[in-house]
Amino acid sequence: MKHTKAADLMTGEVVSVTPDTPFKDIVKLLAQHDVSGVPVLDAEDRVVGVVSQTDLLAGAPALLPGPQDAPDGRSAEPPAAGGLMSAPAVTVRAGDSAADAARLMTRRGIERLPVVDVEGRLVGIVTRRDLLRVFLRPDAEIRRRVGEVLADAAEVPDGDVEVHVVDGVVTLDGTVARRSRLRLLLDLVERLDGVVAVAPRVTALSDDTAGATAGRARQAMPW
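The sequence shown runs 1311 to 1533 under the working numbering.
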């Protein structure tokens, strides 16, 4: 079953800097390209860190008048990218799924992820906006993919479970033979590209999970 990968959604042309890029040059790049951060690359294009607007603001006080002023009255120079960046960089592999990238962004509270190859070299950038594109998949296409999961991976006979999809919300209605098969089915459907949520109305005819008793073997159990 094919899942959308980070490489499928990323932007290939990425604004980047090196560790010695000056503070003001980074500010200019963010403004010119309307981005909130840039990856920092070493001489071999490996991502060694990221400079965000937050990082720049943390370094900005060095430009303001105050006790840190140099003896001749000029403000001290702020650090270059290497002294401002957040490191190590939070990155995603080109082959990682869009769902994994979204979970990483949410967990780390970041807006964009550098996409790297197996050697850590920059190949693109993916943003939250890019990841939201997977939810634009038409309902009819989602329903077709769910049908494939039912027939192939979950081995549910045709007609045992009805599928309805409205605005990315998948409703499943019917029965499956075993509770373990039901758990597998729900897990696979939730991972499909474009699925916003799953509303299961499916019962299992037998409980083959750990701890099930023989006396309950034929009892229908709602999920």
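Backbone N, C-alpha and C fix where the C-beta goes; we use that ideal spot for every residue, glycine too. From a predicted model like this one, the values you see are computed outputs, not experimental measurements.
In the displayed model, ALA1464 falls within coil according to three-state DSSP, outside both helix and strand. Here GLY1392 has PRO1329 as same chain residues with Cβ atoms under 6 Å from its own Cβ, once five neighbours each way along the sequence are excluded. Straight-line spacing of the CA atoms in VAL1357 and PRO1424 works out to 8 Å. Rounded to the nearest whole angstrom, the CA to CA distance from ARG1501 to GLU1387 is 49 Å. The shortest C-alpha to C-alpha distance from THR1314 to any of ALA1368, ARG1403, SER1516, ALA1397 is the one to ARG1403.
With a cutoff of 9 Å on beta-carbon distance, ALA1397 and LEU1319 are scored as not near each other. Taking a C-beta distance under 9 Å as the contact criterion, ARG1422 and SER1516 do not qualify as a contact pair. In the three-state reduction of the DSSP assignment, ILE1336 falls in the helix class, which pools H, G and I. For secondary structure counted as the beta strand (DSSP E) over 3 or more consecutive residues, the segment 1374 to 1459 holds these complete runs in sequence order: 1422 to 1426, 1432 to 1437. Between the C-alpha atoms of ASP1462 and ARG1488 there is a straight-line separation of about 16 Å.
For GLY1369, the enclosing alpha helix (DSSP H) stretches over residues 1363 to 1369.
The alpha-carbon separation between ALA1370 and VAL1324 amounts to approximately 24 Å. In this structure the segment 1449 to 1466 does not lie against the segment 1430 to 1440, because fewer than three pairs of beta carbons, one per stretch, are closer than 8 Å.
Judged by their CB atoms, LEU1498 and LEU1482 are not nearer to each other than the 9 Å cut-off.
With contacts defined by Cβ atoms closer than 9 Å, VAL1471 and GLY1484 form a contacting pair. Leaving aside the five residues that flank PHE1445 on each side, the residues in its chain whose CB is nearer than 8 Å to its CB run, in chain order, GLY1478, GLY1504, VAL1506.
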